Structure formats: C-alpha cells, structure tokens
Amino acid sequence: MFNQIRLRAWSEGLRSQPSLPLRVELWNGQRLDFSPDPPRVTVHVPHARALRYLLSPSLYKLGRAYVEGAIDVSGSANDMIAVVNALASNAVANNMRTALPALGLGRLLGALARSHTRQRDAAAVRYHYDVSNEFYAAWLDPGMVYSCAYFDNGDETLAEAQVKKIDHILTKIGVRPGHRLLDIGCGWGALAIRAAQRYGARCVGITLSDNQARLAREQVERAGLGGLVEIRLQDYRDVGGQFDRITSVGMFEHVGVRQLPAYFRRMATLLAPDGVAMNHGLTTTDPDSHGAPHGGGEFISRYVFPHGELAHLGTVIQAMQEGGLEVRDVENLRRHYARTCAMWTDNFEANAQRIKGMTDARRFRIWQVYLAGCTHAFTHDWISLYQVVCGKAGRDPAAIPWSRRYMYAQA
Numbered sequence: 017m018f019n020q021i022r023l024r025a026w027s028e029g030l031r032s033q034p035s036l037p038l039r040v041e042l043w044n045g046q047r048l049d050f051s052p053d054p055p056r057v058t059v060h061v062p063h064a065r066a067l068r069y070l071l072s073p074s075l076y077k078l079g080r081a082y083v084e085g086a087i088d089v090s091g092s093a094n095d096m097i098a099v100v101n102a103l104a105s106n107a108v109a110n111n112m113r114t115a116l117p118a119l120g121l122g123r124l125l126g127a128l129a130r131s132h133t134r135q136r137d138a139a140a141v142r143y144h145y146d147v148s149n150e151f152y153a154a155w156l157d158p159g160m161v162y163s164c165a166y167f168d169n170g171d172e173t174l175a176e177a178q179v180k181k182i183d184h185i186l187t188k189i190g191v192r193p194g195h196r197l198l199d200i201g202c203g204w205g206a207l208a209i210r211a212a213q214r215y216g217a218r219c220v221g222i223t224l225s226d227n228q229a230r231l232a233r234e235q236v237e238r239a240g241l242g243g244l245v246e247i248r249l250q251d252y253r254d255v256g257g258q259f260d261r262i263t264s265v266g267m268f269e270h271v272g273v274r275q276l277p278a279y280f281r282r283m284a285t286l287l288a289p290d291g292v293a294m295n296h297g298l299t300t301t302d303p304d305s306h307g308a309p310h311g312g313g314e315f316i317s318r319y320v321f322p323h324g325e326l327a328h329l330g331t332v333i334q335a336m337q338e339g340g341l342e343v344r345d346v347e348n349l350r351r352h353y354a355r356t357c358a359m360w361t362d363n364f365e366a367n368a369q370r371i372k373g374m375t376d377a378r379r380f381r382i383w384q385v386y387l388a389g390c391t392h393a394f395t396h397d398w399i400s401l402y403q404v405v406c407g408k409a410g411r412d413p414a415a416i417p418w419s420r421r422y423m424y425a426q427a
C-alpha cells in the first residue's frame, strides 16, 4: 500500500513536468505513460521491490538496476540515458533525493581511490581493457583507436577522424625523423605505428593490458616496423631513459588526482632538455572535482573504470607546474569527444547481436549505458577533454614557436 501511494505521488509529479517519452510497465500489468506520443523508452518493473529504483532515481541507481537485471529497459541507448537523466533531475528538483557526487573522483572513494599502487592500477586496466580485442574491434574504427577523434571539418568518418587526431598530435609536438618517442598508454599501437611510418620516429609504447600489447605487437610486425617500434607491458613509473617526444593519450585518468604531480614529474624526468610532451585526457568541469552529477561518475567508477579519477583542468595545469613542466598550449576537444562517443554508441548498437555473443549480458549492458552516458556527459558539459602541450620548465623560450600556425599547416 505504501509503495502504491508513493508510486501515485511520483507519477503525478512526473506528469506535471514536460512530456517524457517513457512507459513504465509494472509486474501487475499496469502501464504508466508520460507522453501522448508513443514511448521511446519502456521500463519494466518485475516486482514491487524494484519500485525503489524508480521512486528515488539517479543515474547510478537506475544504471545499476539495469546492469544487474533488477529492472529491464528497452529503447535506444541514447534515449535511455536522456530519460533516466530527466528522472534523476526531476527527483533532485523536487527534493526527493540528494544527488550523489561521483565515486572515483576524489571524495567518496577516499583513501581507496588515492591508493594507486602498481598492482592496483594494473588490475584496474586489465578489468577495463582485457575484455577481448574482438569486443573493442566491433565498435571502434579499424585502427582500434580508443580515444577522442579529431574532426577537422565535422563530416569525417570515424576512421578518418582518428587518423587526423593522431596526425594533429604528432604535428603539435613536432615529431621529426630519428626522434625517440614514448607513448604512455599506447593502446593497440596506432599512434606509435603512425609516428614511425610517417616521420621515421623511434617509438616505445607502453601499456598494462596484455591484450593490447599482444595485438599492438602483431600490428607492428604486419607493418614491418619492428626496427622502429617497441611495445612494452610496463608501468610508466618503471620506464627509464630519455625521449625527445612524449605522448599520453587517454591514460592519465588512471593515475589518480593526488598522484598527478608525481606523474608529471616522471614525465619531465623522461623528457629530453628540449623535448616536447602532450597530455590528452579527460577532465571534470566541476571546479571541486566532484565529477558527473546524479551519480553518473559513481556508475563509471563501480562498473567501468575502477579507481579512475578525473581532475579539473586547473588542477591538471597546477600539477604539471609542480612536476616541472611548462604548459605551452591547451585545446578543448569536448565537441570532438561528444561526436566520437556518439559514433561509438551507434556502432555498438548496430553490432549489438554480435557483441552479445562475445560477452555476458551484464557486461553488454554496462557498456551500452557507459557509451551513451559519455555522449550525454560531453554534450552537456559534465566532462571535457583537453590536449595540453608542455615542455620542461625554465628553458629558453626560443624553442617555443611564435604562433599556433604550424599546428594547422597542410601536410
């Protein structure tokens, strides 16, 4: 009886808001529609106990209920995320609950998130990346680039935009023949291979993922670049030597906010005196590093990136300075990542049946929610992506280009 009273109050409150393309199907056959138009999202509540997910919703709670099979949701991934966010926003506006700050973003995980040991970081990377190479190949571009693409005109295919992203990075840092380049978090090797093929750079790519390392080495051999590219299964803290150029693309989110000064200090140590480095990574747009609202960050920390942490751009720049690096250029690619995630989501949904055959239902739902949720987060300025070019602090400014024109010169 109490749940029925709460359900009535919840549905009446929701109907007082703008039309929502949602249908709720209850275990007793009752249907609740919240739009005169056909529903784009249907939530099936299999028993009374599952009502609590709807009556006090958040992105985390509803996402968890869907992933764990406590409720079922049908509709496109993008529509699902939009409707769930509307439910969570409505709940907060009506003081039905207090939005949770994101776990893994410095506050709720506390000491656990700050404990970034080699073993813990390696386990977190393996959890995320060692699903299977076939799984990632089903929705990434043919080059297997799992980071923000770069859309020079906006009409590029995903494959074209990923090549442009790599070229944009290599142009920004001024890679030249014979340069020794370190790619921290090399993924499946696309950047290192491109740097060797196009510029004749001698590259070392490091990853903590066995699957990535194995396929990257195969790609290097197929390209005939064994003499120029070395792929290592190695932690960035264990790399020695010096490099003319250093790239870190989509990796520093695993480092930990408190470890960022040490991370950039290590980068500065590995960088040659006149070398150039670039960090390409996600940031939270919340100045207090609370992360995505409505529990979105909590979902990602629990199910997608264990121990992952996002810092605000200001924190990143300060950490670079503390680590002995001078920031030379900063570029916001939020629009580019919103487009990239939208393309990944489309690919994932287009290949849903094949992907379901590669993994279990739980993991499929995790990634379905995650990819569409990221599209929503970038679109609504919850998180962003910055490329930051830097060099060793205190150097002669003569090594710094006068303008940014060189970054956009036609090859």
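Just so we're aligned, residue 17 is where the sequence shown starts under the numbering used here, counting upward by one. From the three backbone atoms N, C-alpha and C, an ideal C-beta is built for every residue, glycine too. Here the structure is a predicted model, which is why all the values come from computation and not from measurement.
1) Tell me, which residues are paired with L42 by DSSP?
2) Leaving out five residues on either side along the sequence, give the residues of the same chain with a beta carbon under 6 Å from the beta carbon of A229.
3) Does DSSP classify I316 as helix, strand or coil?
4) Whole angstroms is fine: what's the gap from W155's alpha carbon to A66's?
5) Nearest-angstrom Cα distance between L174 and I21?
6) Of the choices L241, L286, A278, L244, whose alpha-carbon is the least far from that of F259?
7) Taking just the CA atoms, how far does P34 sit from S27?
8) Beta carbon of D146, beta carbon of H270: below 7 Å?
9) With respect to the beta strand (DSSP E) encompassing T300, which residues constitute its N-terminal and C-terminal limits?
10) If you reduce the DSSP assignment to three classes, tell me which class N94 lands in.
11) Could you check if N353 is buried or exposed, using at least 16 other CB atoms within 10 Å of its CB as the buried criterion?
12) Which class does Y252 belong to by DSSP, given the choice of helix, strand or coil?
13) Determine the extent of the alpha helix (DSSP H) in which E176 is found, giving its start and end residues.
14) Using DSSP with H/G/I as helix, E/B as strand and the rest coil, what is A375?
15) On the premise that N149 lies in contact with N227, defined as a C-beta separation below 8 Å, what is that separation, rounded to the nearest angstrom?
16) Does the Cβ-Cβ distance between L38 and F50 come in under 7 Å?
17) I need the straight-line Cα distance from T133 to G203, nearest angstrom please.
18) So what does K408 bridge to, in DSSP terms?
19) Just the Cα atoms here: how many angstroms apart are S32 and P55?
20) With a Cβ-Cβ cutoff of 7 Å, do K181 and Y166 count as a contact?
21) Rank D251, R379, R210, F394 by C-alpha distance to the C-alpha of R318 and give the top, closest one.
22) Would you call the segment 388–406 in contact with the segment 338–352, where contact means no fewer than 3 C-beta pairs closer than 8 Å?
23) Is it the case that the CB of C202 approaches a heavy atom of the ligand MG more closely than 6 Å?
24) Per DSSP, I416 is paired with what?
25) How about D199 and Q178: are their beta carbons less than 7 Å apart?
26) Where does F259 fall in DSSP's three states?
27) Look up E246 in the DSSP assignment and say whether it is helix, strand or coil.
28) In this structure, does DSSP put T133 in helix, strand or coil?
29) Considering only the beta carbon of each residue, do T391 and T361 sit closer than 7 Å?
30) Hey, out of H195, A409, V265, whose CA is closest to Q334's CA?
31) Whole angstroms is fine: what's the gap from G272's alpha carbon to Y279's?
32) Nearest CA to the CA of G11: which residue from Y143, D168, L231?
33) What residues in its chain sit with their C-beta under 7 Å from that of A284, if we drop five residues either side in the sequence?
34) Measure the alpha-carbon distance for M423 versus I416 and round it to whole angstroms.
35) Classify S419: buried if its beta carbon has 16 or more other beta carbons within 10 angstroms, exposed otherwise.
Straight from the coordinates:
1) BP columns for L42 point to V61.
2) Leaving aside the five residues that flank A229 on each side, the residues in its chain whose CB is nearer than 6 Å to its CB run, in chain order, T223, I247, L249.
3) Helix, per DSSP.
4) 32 Å
5) 49 Å
6) L286
7) So the two alpha carbons sit approximately 13 Å from each other.
8) no
9) 287–300
10) Three-state result, N94: helix.
11) Checking the sequence, you will find Tyr at residue 353 rather than Asn. Under the 10 Å beta carbon count, Y353 is surrounded by 16 or more other beta carbons and is classified as buried.
12) helix
13) 174–188
14) Note that residue 375 corresponds to Thr in the displayed sequence, not to Ala. It is coil, neither helix nor strand.
15) 5 Å
16) yes
17) 20 Å
18) L341
19) Distance between the alpha carbons of S32 and P55 is about 17 Å.
20) yes
21) R318 has its Cα closest to that of R379, out of D251, R379, R210, F394.
22) With a cut-off of 8 Å, the segment 338–352 and the segment 388–406 count as touching, because enough Cβ pairs lie within range.
23) The ligand MG is absent from the structure shown, which contains no ligands of any kind.
24) Under DSSP, I416 forms no beta bridge with any residue.
25) no
26) strand
27) strand
28) Annotated three-state conformation of T133 is coil, per DSSP.
29) Yes, these two residues count as a Cβ contact at 7 Å.
30) Looking at H195, A409, V265, the one whose alpha-carbon comes closest to that of Q334 is A409.
31) 9 Å
32) Outside the shown range of the chain (17 to 427) lies residue 11, about which nothing can therefore be said.
33) G339, G340, L341, K408
34) Rounded to whole angstroms, M423 to I416 spans 13 Å at the Cα level.
35) exposed
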